Structures are given as C-alpha cells and as structure tokens.
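Under numbering that gives the first Met the number 0, the first residue of the sequence shown carries the number 0, and numbering increases by one thereafter.
Step one of this worksheet: look at the structure below.
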Amino acid sequence: MSQVPQSSNPYTLFETLQVRPLALSPDGKRLYAANTPDNRLEIFDVTSHGLRSAGSVAVGLEPVAVAARSNDEVWVVNHLSDSVSVVRVDGFGGPRVVRTLLVGDEPRDIVFAGPHRDRAFITTAHRGQNTGDPYDLQTPGVGRADVWVFDADHLGAAAGGERLTKVTMFADTPRALAVSPDGRTVYAAAFASGNQTTSVSVEAVQHVYGGSQPVPVIHLGPYTIPQPPTGEIVKFRDGHWLDAYGANFDAFVKVKLPDLDVFAIDAAANPPVQTASFAHVGTTLFNMAVNPKNGRVYVTNTDARNDVRFEGHTPGFTSVRGHIVDNQITVIDPAGGSVQPVNLNPHIDYDADGTAEERALSVAFPQDAVVTRDGKRLYAVAQGSAKLVSYRTADLEAGAVTPSLDDQVMLSGGGPTGVVLDERRDRAYVLTRFDNSISIVDLDDNAEVGKASMYNPEPESVVNGRQYLYDAEFTSDHGDNACASCHIGGDNDQLAWDLGNPGGLPLEITELGNVMAIPPAAIIALLPSFAPVFDYYMPLKGPMTTQSLRGMDNHGAMHWRGDRNGAIAQTGAPVIDPETGAPIVSAQPNAGIFDEHAAFTSFNVAFPGLVGRDEMLDPGDMDDFADFILQAEYPPNPVRNLDNSLTAEQQAGRDFYFNHLMLPNGASVELPSDRFHNCNGCHTLDPAGNAGLTDHPGFFGTDGKLSFEFETQIFKVPHLRNEYTKVGMFGSSLDSLQPGTIILQQGPATDEIRGFGFQHDGSLGQLEHFFTGQVFLKTLDPVQLADGSVVPPNPYGIPFVDPNSLSSPTGPVILEDGGFQLRHDIVAFMFAFDSNQAPIVGQQITRTWGNGSTADPRIDLLVARAEAGECDLVAQGTGWLLDTGYVYQGGAFQPDHSNWPAVSLADLKWLMPWWYQQVTFTCVPTGSGVRIGIDRDGDGWANGDEVARHRDPANPASHP
C-alpha cells in the first residue's frame, strides 16, 4: 500500500446556488442531501436521536436539487454536469447511480408529478450541448426557459435518456418548480425574471431633455468638472416608459416586456403543456411551495429597486443606499389568477438608520420553503439572515405579516438554502451552506437542537470569505440586503443600476504603465474634443449592468469603467509603490490596475455607501472576502461543441476576430477593424495569459487594459465569457453611434423576455447592433464627423452603410452585401467564446452492460478530451461487492486501491457485468481528478485503501 499523488488543483469554485438540496424519503426514514462542493448525494438515517450517516454516492458536478421518487430511488440534479443522476437505494448492493440523464444547460430543480407521480420535471436553460435542438440565440421573440419532462418508468434506450417532451416558456432561464396537491399541475418559475425596466441611450436622454441631462451636470462638491452625458433606466408604469422623474421615453424603447414569471403546466396532458402564466411576481424568484389544502402557490423572491437612481447619501437626491431590494413571498391564487407580493420586512424604517433590534427581525434572501400538512404554516429559510422563519399562511394570503422573534430560529451554520419538514417528529432539517451541514430544528421548542456535518473539500479561504457575500445582518444597515442582493450567488441579477454618487469625487485615471489598449495620444490626435475623458472617472456614470463576480482573477481592474483598481485609491490618491515610494506603475501580472486583490478590496467603500453599513469592513475581513471571490470561475461555455471545435459560422467569426495578414517571412500583421486594432487587439483572447504567474491563467476577451469606446467615459475592455447569457432583449435603444439600432429597427416593438442586453448600460438588445457601430464601419474613404473632424478610411472594417451617407437627406447607402452574414458569424463566435473551463468539463455518462452502443461514443469523447488536456476524467464503478473510483492517467484508469493495477478502457468495460453493474464517467476540472476520483479527502491515501482498513475517506485525519 502506498500514498497517491496530491492533486495539482484539487478544488475549483463555481459558487453554485442550491435550489432543493434536501429530500425525505416517503416513509420518513431517510434524509437525502446534496453535498454540492463534494459532488455527492449524502444519505442519513433519521432516528429519534437525530441523523446518522448511511452512505454517500458520487453523482455529477455541483448537485443542487434532490427529489425522492420512492423509498428506493432518488434523483439528483447536477447543475454543472447538465445531468440528472438516478440513484437506487434499494438494498441490493450499496447506494449507486444506475442512470445518468442528459439535459439542457444548468439544470436547477426537479419534481415528480402527473396522475401517478411518474413524470419527472426538470428546469434548464434554453441551450446546452445535450439539447439536440437549435439554440435560437439570434432569433427574437423566443422563450428561453425550458422544463424537460421524462417518463420515469420509461427512460428510453439511449444511455442519456429520452425525454417525453420539453416545455418552453416565455421567460429567461428558470429555477424553481412546485406541484399542485393533486399532482396534475406543475408550476415553473423564471429565475432572473426582470421587473419591466430597461435602459435608454445617451442620445435618447438628450433628445427628451433638450440636449441636457435630468440632473445637474456639474459636480456638487469642490470640483466643477462636467459630468458625462449618460443614458437612463426607465420603467414601464401606467402604460408608458418613464424615467425616475416622470419623463416619457416611449419613442426610444423598442422592446415590450410582459414580465411573465410563473407558469402552470398540465402534468397530466400527453405530452405536458403550458396552460397559464402569472406576471409581476418579483424580480429574482428563488423557490416555490404549494399549500396542500387550498392550492395557493407561495414564491420566495426579491424585488429590485433599480429604477431608483444613485448610491451614497447626498441631500436632495434619491439613493438605494440601504434599500436595494425588497424581500418578499408572493402569493398566487391559481384559481382566481391573483398575484399578491408580501413584504417580509414591514418593520424596517428606511428613512432612519438601522438598529440592532431592527436587524435582528429582518429577513434577507428567502430561499427554500415548505408548507405544513394542515396548510396553516409556511417555513422558509433566509439565506442572508441565518434563519428558519415561519409564517401563518392566512397572514400571507391576507397580504401582510408581522415579524416576530418567536417565529424565527437562528441557525448556527449560516447561509441556509434548503428545508424539509419531519412532522412525525416535529422537526425541520435545514441545510446550512456556510458550514456545509444540516441543522436539526425542534419545531415545538423553536430551536436548533442538533447538527450533522458533511465533508467539505473547499479550502479554508473559501469557507472563511463566503459570509461577506451573503450575510445581510453583518454587512447592511437594516439586515435585509448584502452584496448578494445584486450579485446573486456571486453572479449577477441580469439588471442595470444607476449607482453614480452625486456627492462623490472624481477619480483620476492613471497614466503610469501600459494601461490603455489604444494610446490616448492617438485618439486625441483624431478626436481632440475627447481629450478630457482621459483625465477622470466622474461620480455620475449612468446605468451599468450588474457584472458577475466570477472569473475576475487575472482580468485586471474592476467595474465597467475600471474605476476600482490598484493604481488609484477610492480617496482619489495614487497608490504608492512600497519599494520606490512613488505612485505605482501598472504592469502585468499584478501591479497597479492589474492587481485584482487590490481592485476588489477597494469595493469596501460600497458597504457604507451602497449596502448602508455604518462603516467599512475590517481590512482583514475584506481580504478574506477577496481571497474567496477571486477563486470563483465561470462554468464551461454551453454553446461551443463538446469537442471544443467551432461550427463553420463560429470559425468564420473567429477568423475575423483575429483578422491578420501573414507576411512571407512568417510575421503576422494585424488588420484593424476599428482603424487601430482587430478585435483581439483590445479584447485579448489568450488561454495561456500569465500562465505560471496566477492561479487562474488566461485572458478571455481582456487582459485588463482600459479603452476609449467613442463614449463620454473611459471603460475597461470587458471580457466576453458570458455573452450567451445576455440573449433575449433584441430591441435596442435608438443610438446613432450604432446605426443598426435605427436602420435595422423599423418595425414596432415586440414582446421579449429581458430588459437589458449588451454594452455597459444594457441598452443594446443584440450584438448585431453593436457590430454596426460607426467605429467598425468599413469604408475606403475618409469620414467627416459631425464636429467637423475627419478620420481616415477603415478598409478592414465590417461592411454595412457608407458612414458619409448617415446624415444624407436621401438616407444611408448600403455597402457591398451589408455585412449581414459577417456580423452573424462574429456574433456566433461571441456566443461560443473560450472560457477558463473547456466545454467538456462536467459532462458525464453512465455505462451498463446493456447500453454500450449509445454510451461508448460519449465515453470515447470524454477520453479524447482528457487526453487533449481539457479535463481530468474520473470513473465510478458500482458493483455487487464494493464501489471503486478511478482517475484516468497515462492512458489507463488508476483505481482507488494502491495495490490494484491500472486498467485500460477496454478492460474496464469488460468488468461489466461481472464486477460492476454500472460505471459512471465524468470529466472534471483539470487537476481535480485525483481528489474526485480516488482520494476524496485529499489526505494522500486512496479511498479504497482507507475503507479496507476501516478508515474514513471523508476525514483527512483518518487514514492508515
């Protein structure tokens, strides 16, 4: 027996939100829990004394939801693997995965419904390599919320299952599901459902306000520097698009937002179909529960106040400081169609500073919920408050609740995400994500009385820093908001916010180091009137879409403008280099604006300025927050082929992105599409960027530099890893800088599912409009601008219209073929853009002795991508006598028994059915294969060796 080598990168943080992480078996004897960081289903025996571990089953990556179909079968939704694991716990061998169903991208929830509860319903995004359907990413008016339906008794001959149908709803990506008492109706909710707000362009604002802005355009403090003209956020009120001051923008909004949030599906129909929808439920919908007595649906959610302008506390100006979102449970009456949002924090006085007593009563981010059998009480967990809260359903249905400490149970673990009721024992079981444990709550005494822990492979830096993202009581004024109000699960809310500060100070833009993608002198030589924009970031900045906190490491300065960085402090003073005593010079990999840790810790000012805390976090706490969140990564791209190849359209777009000329001497000459660079010249795509110098190498659309974008402000060059998540608005705000928003939008506004799209303010509904920007227009002639300045030809740009004809009284002149196919190709590549993780990561399949003909091609694909270095490949064999884990190394599968020989893929298949009933193959992040496959606790001893010697493979302190 010998030790196994340690993983080079044992844990990858995706910060996946759990949805329905707990389930009780129908007989109440077992509790099932999704151990999300460990990629396992944990099984507990429920006893009179508490919970006793009864097993653990490796499933897919990032399991988030669990549903018990019977006492013998449990289904687990694997968010990153785009799969559902069917787990048998029937006593014939150990608990085991017997089938892996392949579904759409990022599945989130699962329920069983139908007259016999024999149909499985699973929410997924309207994309993903397993769908077999067109993605429709460039098609307007398409629903993008899918519910996959399987006949649980007849899963089909294909190894990955064959769905009964797919119900597509007119909303963005869905999350929660619930079932009517009779099992005949399934309710499905959008996740980031929006709230009928959208952005309008700078040009629209200037038109409505006669060339001015709706607020004073000079700084209110000691400076008198003009603020930049910006767009605005408008909201649909009383049949019109109105800004915060009541001005009408109907003529400039080219999108309709029906704001459909919750959908009813006839689960008994053949096949199931949508039958009804409910609007205006909330902005971000988390979970749902149904009253078993009257059929009312309760939706836990938050409602965003992004139509309110500004942060900070400047007298005379509105602000969202301390009041970013409202926490709600919305009651839907399916019979009458009524939708009633109920504020969970009516005790808060937002006009006064918060108090400890007020925060103690507050509820932040209600998540999973369940109703008692008699229909009289609803229990919900509050992720940001570390509480299990109960409400009388009669109060919810009447439209008002009265918070009371007697109805709240504090949970020692923090970050609760899931709850189930064990009414036979008067208990609730609550999964607390901060400590990856299950709290046992006595419902009679209203107290936490026990706890069961689950193994957590996360490093201490992740565990220690997570609370600062979610903990509203610790980080906010009133105890009801936190960073996760907008950065939901460390990602975003799919909205824009206007968080300028009328009382703020300008921040200087550093000139020290290679910080600009295009030298300012080159811009000023062509456009001298823009010289002032290179001096300062102004405190009024206009709408900015919420950016994800994923993938920030190795990508430089933060915020859309790059105004959070390691070169200029938030006081306005330059950061001093401790070695030279002079202002720091920005340089890769980690100095000045390229210092991500310094950039993120500079957000500390947002705790008092935005969330409303009475002071900033302690610097040590902020360091912990940064250490945690800088580890968060984007998921694999769900549009790109699993073998990492590109379609013909995507490849054509990539060719233009890197447009260049090869010289006879082998040198490459960049062919600029904007007169200065090709796309890659600013939006650097280099998967090896800073390799060996950072834990997260690679530049994926940016290397962190700043850029002039023909706008009134300087912006950081943004990354491009999540463009596919912004699809669904299509109608752009009219903007002559992007002539396509005018020329290509001649018809009336159409129904769409999102109010915010592309660009910093989300005012562009589709990327095709972005690539009609004047800066990209192909022309062989010099162009005279409106201010009289002349810019040179752009022979390698994108053909559309002659830029010199844009102001012609006879209308613009289309050049060549109009560039329609080229723009389509470029956009296709944007949606399939490279990311930190290859597309294959997370993908899996279960092979049995009878499904080799359909499973083997997928297994071959997994092996090929592992050999290409895009993932590690692990296998889990389950058999009559024991389970065995494997990791693929050196062309063979290494088992989790150090004295067993490695086996080839052919030999592993041959072992079925003699040794294994089934083997599940999974591609995991590179470097994590040893831990996930053969050494669960990373203590250097293989799992099988530890089990054989009666040690615990989930305890690093327990080994031979």
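Idealized CB from N, CA, C, for every residue including glycine.
Just so you know, these numbers come straight off a predicted model, no measurement behind them.
Asked	Found
Rounded C-alpha distance that separates Lys165 from Val146	6 Å
Touching by the beta-carbon criterion (3+ pairs, under 8 Å), the segment 338-356 and the segment 396-416	yes
Same chain, Cβ closer than 7 Å to Leu779, five either side skipped, listed in chain order	Pro792, Pro794
8 Å Cβ cutoff met for Trp559 and Lys704	no
Residue from Ala863, Gly336, Val774 with nearest C-alpha to Phe707	Val774
Distance CB(Ser585)-CB(Gly512) smaller than 8 Å	yes
Where Ala666 falls, given that 16 or more other Cβ within 10 Å makes a residue buried	exposed
Under 8 Å between C-beta atoms of Ala854 and Arg846	yes
Ile523, DSSP secondary structure in three states	helix
Which of helix, strand or coil DSSP assigns to His239	strand
Asp734, buried or exposed, once every other Cβ within 10 Å from all chains shown has been counted against 16	buried
Chain-order list of residues whose beta-carbon lies under 8 Å from that of Ala393 (same chain, five-residue window excluded)	Lys375
Straight-line gap, Asn8 to Thr274 (C-alpha atoms, nearest Å)	48 Å
Lys165 - containing beta strand (DSSP E), residue span	164-168
Beta-carbon proximity list for Gly884, same chain, < 6 Å, skipping 5 on both sides	Gln875, Asp895, Gly932, Ile933, Asn942
Buried/exposed call for Gln5, threshold 16 Cβ in 10 Å	exposed
Supposed close pair Asn38, Gly59 - CB separation, criterion 8 Å	7 Å
Spatially closest choice to Gln339 from Ile592, Val280, Ile323, by CA coordinates	Val280
Buried/exposed call for Arg432, threshold 16 Cβ in 10 Å	buried
Cβ-Cβ distance between Ala385 and Gly414 below 8 Å	yes
Assigned exposure category for Asn664 - 16 Cβ within 10 Å defines buried	exposed
Candidates Tyr428, Asp443, Val461: closest to Gly449 by CA position	Tyr428
Rounded straight-line distance, which links the Cα of Val56 to that of Arg95	6 Å
For Val659, the three-state DSSP class (helix, strand or coil)	Rather than Val, the amino acid found at residue 659 in this sequence is His. In the structure shown, His659 sits in a strand (DSSP, three-state: E or B).
According to DSSP, residues forming a beta bridge with Gly449	Ile439
Per-residue burial, Trp240 [other beta carbons within 10 Å of its own, 16 or more giving buried]	buried
Same chain only: Cβ atoms within 7 Å of Gly220, ignoring 5 sequence neighbours per side	Only weak support exists for where Gly220 lies, its pLDDT of 47 falling under 50; the value from the coordinates is given anyway. Taken in chain order, the residues that qualify are Gly502, Leu504.
Collapsed DSSP secondary structure at Gln5 in the structure displayed	coil
Cβ pair Thr196, Lys255 closer than 8 Å	no
For Leu176 and Val289, the rounded distance between their alpha carbons	10 Å
Simplified DSSP state of Phe533, which is helix, strand or coil	helix
From Ile331, Ile328, Gly311, Thr329, residue whose alpha carbon lies closest to that of His322	Gly311
Straight-line gap, Gln2 to Ala947 (C-alpha atoms, nearest Å)	14 Å
Exposure of Pro924, with buried meaning 16 or more beta-carbon neighbours within 10 Å	buried
Which of helix, strand or coil DSSP assigns to Phe828	helix
Distance between Gln917 and Val97 (C-alpha atoms, nearest Å)	7 Å
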